[in-house]
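**Q** Below: one structure in structure tokens.
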Amino acid sequence: MLRVTAPNRADIIAVLLLAGLSILVIRGAEGMAEPLARLRNAPVTLDPWNLPGYALRTTLRMFAALFASLAFTLAIGTLAARSRRAEQIIVPALDILQSVPILGFLTFTVTFFMGLFPGRQLGVELASIFAIFTSQAWNMAFSFYQSLRSVPSDLEEVSRGFGLSPLRRFLRLELPFATPALVWNAMMSMSGGWFFVVASEAITVGNTSVTLPGIGSWLALAIDRSDFTGVAWAVGAMAVVILLYDQLVFRPVVAWADRFRFEQVASTERPRSWAYELFRRTRLLPLLLMPLAGLGRALLMLDPVRATRPAGRAEARRGVIGDRVWTAALAIAVLFAAWTIIGYVGRTLDWAEAAAVFGLACLTMLRVLALIAVASLIWVPVGVWIGLRPQWAERLQPVAQFLAAFPANVLFPFAVIAIVRWKLDPDIWLSPLMVMGTQWYILFNVIAGASAIPTDLREAAGMFGVRGWQWWRQVALPGIFPYYVTGALTASGGSWNASIVAEAVSWGDDHLHASGLGAFIADATAIGDYPRVALGIAMMSLFVIAFNRLLWRPLYSFAERRLRLA
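Following our numbering, the numbering of the sequence shown begins with 3 at its first residue and continues without gaps.
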């Protein structure tokens, strides 16, 4: 006889929370489907009563972009980690994409999405979501790629010994191992997306400007009107939103992902979350997730275990020939692209100006190197301290998310006022603005790396009396190094991108410029000089690729060879 039990208190609370979230999602989605003309009839205003609705629309856009970034990460990161040929294209492409300014994406994506849904807000909404996606996806993809390349060798041998198919290996080994770091980088990407919300919600296409209701458009309007009260309202609303999704989404996910830590001895300190404990006690939530679990089991049933066999000599020879053909085709494509760019620059610009732009890029590169070094000295010790103490991580997690999400362009007016007031050198004092929004990539990745250090390794170090600098040199730094490389790589690419807005800053009638590639691109964009914009972006992409290939890629290889858990 089937026995039906009454729902407990946890079931009631969980159902109420899920019902409330569903209503909010439906309410925000209804606004996205309205006619485009409604935006002109109801423009964004600095009325505090409208701010909750604006916050809801912005939050939905950011989570939509986050889910798209997650799907992109799982597909592209896995492909880059498993295929050496794909890696030769994907990794440099990610290097370039993270250095391309967000305005460069909006230039062609807005027209495309508006053409898909003419006369509807949905087209502009998709363009805005795609712009936020470009600020989130690259960091998550790099993190997932690094985690897959750092899977412990003994676990890989076990998966090969059991003859796991690629799908089973991904679901049983690679995805669980990479989940803790991916969760922390998803939080960082979510926070980093706030930096681009202003540009993604106030869109201009030719002579037509479209402003979507949201915190970003509110903030842009407040800055344009020099309204410090409006800026304060926007920052306060942002803090409330971050606190809510930290408690209801990210903190439960961090507590859940802790089960996938690679360790031999269980840790005595675990991340805690009241929402996670609430959902664990419910009996109705597993029923809601049953279709998803059934889909996973169906995929595994359709993908039976296949015994692996070593490649034969003929297969190995075909693989070598295929690699050579692929490398030759890739080299031809790169040479063709370089020839096209050189020909375009030669027809439209003077080569002396190209040499001058190269010098400006060198100045920006020096700023990026100095800022990443200073940020590393500050945030690596802080991140290790937080990562090894889950209780403190719970308390500081929303604070770190708020600091990472705090729009750096809010600080630009204060920087301009201070520089003008004390007659400081813009070439020096505008530089810290480049790293204000990107330094947090280092902190979040170091926290993820420190929390992933196995408990048995830490206990062994304590038993043998490993302390002080020896502990840093033999335990902490090797444990966090692969994660730090991912954070520093993403932070350096983001700093190149941020130089476009940080080297040319305005407030009222005061305009400050620092000598560098970012200011060159910003000035060329302001006057619509597209040949110089193309030259600046091409030069920035060239420097980012060379920088990554000469510094970060060798460090990645070192981490894979010497610092993998085994």
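Don't be surprised by glycine CBs; every beta carbon is placed ideally from N, CA and C.
Please give me, in chain order, every unbroken run of the beta strand (DSSP E) with length at least 3 that falls completely inside the segment 161-205.
**A** none
**Q** With distances taken Cα to Cα, identify the nearest neighbour of LEU53 among GLY218, SER167, PHE146 and TRP498.
**A** As a first step, residue 53 is located in the sequence shown; it is residue number 51 there, counting from the start. Comparing Cα positions, the closest option is GLY218.
**Q** What residues in its chain sit with their C-beta under 7 Å from that of VAL535, if we drop five residues either side in the sequence?
**A** In the sequence shown, counting from the first residue as 1, residue 535 sits at position 533. Once the five neighbours on either side are set aside, the close Cβ partners of VAL535 are ILE523, ALA526 and THR527.
**Q** What residues in its chain sit with their C-beta under 6 Å from that of GLY496, if we drop five residues either side in the sequence?
**A** Here residue 496 refers to the residue found at position 494 when the sequence shown is read from its first residue. Here the set comprises THR440.
**Q** Going straight from the alpha carbon of PRO400 to that of SER228, what length do you get?
**A** Reading the sequence shown from its first residue, position 398 is the one you call residue 400. Reading the sequence shown from its first residue, position 226 is the one you call residue 228. Cα to Cα, PRO400 sits roughly 29 Å from SER228.
**Q** Determine the direct distance from the alpha carbon of VAL46 to that of THR213, and round the result to whole angstroms.
**A** As a first step, residue 213 is located in the sequence shown; it is residue number 211 there, counting from the start. As a first step, residue 46 is located in the sequence shown; it is residue number 44 there, counting from the start. Cα-Cα distance, rounded: 7 Å.
**Q** Is there at least one Cβ from chain C nearer than 8 Å to ILE25's Cβ?
**A** This model lacks chain C altogether; it includes just one protein chain.
**Q** Can you give me the C-alpha to C-alpha distance between LEU173 and PRO182, rounded to a whole angstrom?
**A** Here the question's residue 173 lines up with position 171 in the sequence shown. Here the question's residue 182 lines up with position 180 in the sequence shown. Distance between the alpha carbons of LEU173 and PRO182: 15 Å.
**Q** Use the C-beta contact count for LEU260: other C-beta atoms within 10 angstroms, 16 or more gives buried, fewer gives exposed.
**A** For this step, residue 260 is matched to residue 258 along the sequence shown. Note on identity: in this sequence residue 260 is Asp, with Leu being the wrong assignment. Flag for ASP260 reads buried.
**Q** Mind checking which residues open and close the alpha helix (DSSP H) that includes GLY495?
**A** Your numbering for residue 495 matches position 493 in the sequence shown. Counting along the chain, the alpha helix (DSSP H) containing GLY495 begins and ends at 479-504.
**Q** Can you tell me where the alpha helix (DSSP H) with PRO1 in it begins and where it stops?
**A** Residue 1 is absent from the model: the chain starts at 3 and stops at 568.
**Q** From which residue to which residue does the alpha helix (DSSP H) around ASP458 run?
**A** For this step, residue 458 is matched to residue 456 along the sequence shown. ASP458 -> alpha helix (DSSP H) spans 457-465.
**Q** Kindly indicate which residue of LEU26, MET190 and VAL17 has the alpha-carbon position closest to the one of LEU405.
**A** To locate residue 405, count along the sequence shown from 1; it is residue 403. Ranking LEU26, MET190 and VAL17 by Cα distance to LEU405 puts MET190 first.
**Q** When you compare only the Cα positions, how much space is there between ALA16 and LEU26?
**A** Locating residue 16 in the sequence shown gives position 14, where the first residue counts as 1. Locating residue 26 in the sequence shown gives position 24, where the first residue counts as 1. Spanning the alpha carbons of ALA16 and LEU26 requires a straight line of approximately 15 Å.
**Q** Taking 8 Å as the threshold, find out whether the segment 428-445 comes into contact with the segment 374-386 through three or more Cβ pairs.
**A** yes
**Q** Taking only the alpha-carbon atoms, compute the straight-line gap between TRP140 and ILE344 and give it to the nearest angstrom.
**A** The residue given as residue 140 occupies position 138 in the sequence shown. The residue given as residue 344 occupies position 342 in the sequence shown. Rounded to the nearest angstrom, the two C-alpha atoms are 28 Å apart.
**Q** If HIS513 sits next to PRO428, beta carbons under 8 Å apart, how far is it from one beta carbon to the other, in whole angstroms?
**A** Counting from one through the sequence shown, the residue named residue 513 turns up at place 511. Counting from one through the sequence shown, the residue named residue 428 turns up at place 426. That belief does not hold up - the Cβ atoms of HIS513 and PRO428 are roughly 10 Å apart, past 8 Å.
**Q** Run the CB neighbour count on GLY163, radius 10 Å, all protein chains shown included, and call it buried at 16 or more, exposed below.
**A** Start at 1 with the first residue of the sequence shown, and residue 163 comes out as number 161. It is exposed - the Cβ of GLY163 has fewer than 16 other Cβ atoms within 10 Å.
**Q** To the nearest angstrom, how far is the alpha carbon of THR75 from that of LEU81?
**A** The count along the sequence shown starts at 1 and reaches residue 75 at position 73. The count along the sequence shown starts at 1 and reaches residue 81 at position 79. Approximately 10 Å, taken between the alpha carbons.
**Q** Taking 8 Å as the cut-off, decide whether the C-beta atoms of SER193 and LEU362 are in contact.
**A** One-based indexing of the sequence shown puts residue 193 at position 191. One-based indexing of the sequence shown puts residue 362 at position 360. Against a cut-off of 8 Å, the Cβ pair of LEU362 and SER193 comes out as no contact.
**Q** Just the C-alpha distance for LEU390 and GLU396, rounded to the nearest angstrom, thanks.
**A** On the sequence shown, residue 390 is found 388 positions in, with the first residue counted as 1. On the sequence shown, residue 396 is found 394 positions in, with the first residue counted as 1. The straight-line gap from Cα to Cα measures roughly 12 Å.
**Q** Tell me the rounded alpha-carbon separation between ARG551 and PRO94.
**A** The count along the sequence shown starts at 1 and reaches residue 551 at position 549. The count along the sequence shown starts at 1 and reaches residue 94 at position 92. Straight-line Cα distance between these residues: approximately 9 Å.
**Q** Do you know how far the Cα of SER275 is from the Cα of GLY216?
**A** The residue you call residue 216 lines up with position 214 of the sequence shown. The residue you call residue 275 lines up with position 273 of the sequence shown. Between GLY216 and SER275, the C-alpha separation is close to 29 Å.
**Q** Could you round the C-beta distance between ALA12 and LEU280 to whole angstroms and report it? I think they count as a contact, below 8 Å.
**A** Here the question's residue 12 lines up with position 10 in the sequence shown. Here the question's residue 280 lines up with position 278 in the sequence shown. Their Cβ separation, rounded to whole angstroms, is 5 Å, which keeps ALA12 and LEU280 in contact under 8 Å.
**Q** To the nearest angstrom, report how far apart SER167 and TRP235 are at their CA atoms.
**A** Stepping through the sequence shown from its first residue, residue 167 is reached at position 165. Stepping through the sequence shown from its first residue, residue 235 is reached at position 233. Each residue's Cα considered, the two are about 53 Å apart.
**Q** Going by beta carbon distance, what residues of the same chain come within less than 6 Å of ALA129, once the five residues before and after it are set aside?
**A** Mapped onto the sequence shown, residue 129 falls at position 127. Closer than 6 Å at the Cβ level, and outside the excluded window around ALA129, lie THR111, VAL112 and PHE115.
**Q** Per DSSP, what kind of secondary structure is ARG253 in: helix, strand or coil?
**A** Looking up residue 253 in the sequence shown gives position 251. It is helical.
**Q** Express the C-alpha separation of LEU435 and ILE539 in angstroms, rounding to a whole number.
**A** Walking along the sequence shown from the start, residue 539 turns up at place 537. Walking along the sequence shown from the start, residue 435 turns up at place 433. Cα to Cα, ILE539 sits roughly 20 Å from LEU435.
**Q** Quick one: any contact between the segment 553-560 and the segment 466-480, if contact means 3 or more CB pairs under 8 Å?
**A** no
**Q** Have a look at the DSSP bridge pairing and note the partners of LEU514.
**A** Your numbering for residue 514 matches position 512 in the sequence shown. DSSP, once it has assigned bridges, lists VAL507 as partnering LEU514.
**Q** I need the boundaries of the alpha helix (DSSP H) containing GLN123, first residue and last residue.
**A** Locating residue 123 in the sequence shown gives position 121, where the first residue counts as 1. That run of the alpha helix (DSSP H) goes 123-151.
**Q** When you compare only the Cα positions, how much space is there between GLU532 and THR488?
**A** Taking the first residue of the sequence shown as position 1, residue 532 is located at position 530. Taking the first residue of the sequence shown as position 1, residue 488 is located at position 486. First, the amino acid is wrong: residue 532 is Tyr here, not Glu. Straight-line Cα distance between these residues: approximately 33 Å.
**Q** May I ask you to report which of helix, strand or coil DSSP gives PRO154?
**A** For this step, residue 154 is matched to residue 152 along the sequence shown. Coil, per DSSP.
**Q** Quick one: give me the first and last residue of the alpha helix (DSSP H) that SER543 is part of.
**A** Start at 1 with the first residue of the sequence shown, and residue 543 comes out as number 541. Here the alpha helix (DSSP H) through SER543 covers 532-549.
**Q** Decide if SER71 is buried, meaning its Cβ has at least 16 other Cβ atoms within 10 Å, or exposed.
**A** Position 69 of the sequence shown, counted from the first residue, corresponds to residue 71. It is buried - the Cβ of SER71 has at least 16 other Cβ atoms within 10 Å.
**Q** Once DSSP output is grouped into helix, strand and coil, what is the label at VAL267?
**A** As a position in the sequence shown, residue 267 is number 265, starting the count at 1. For VAL267, the predicted model reports a pLDDT of 49, less than 50, meaning its position is unreliable; a value from the coordinates is still stated below. The answer is coil: DSSP assigns VAL267 none of H, G, I, E or B.
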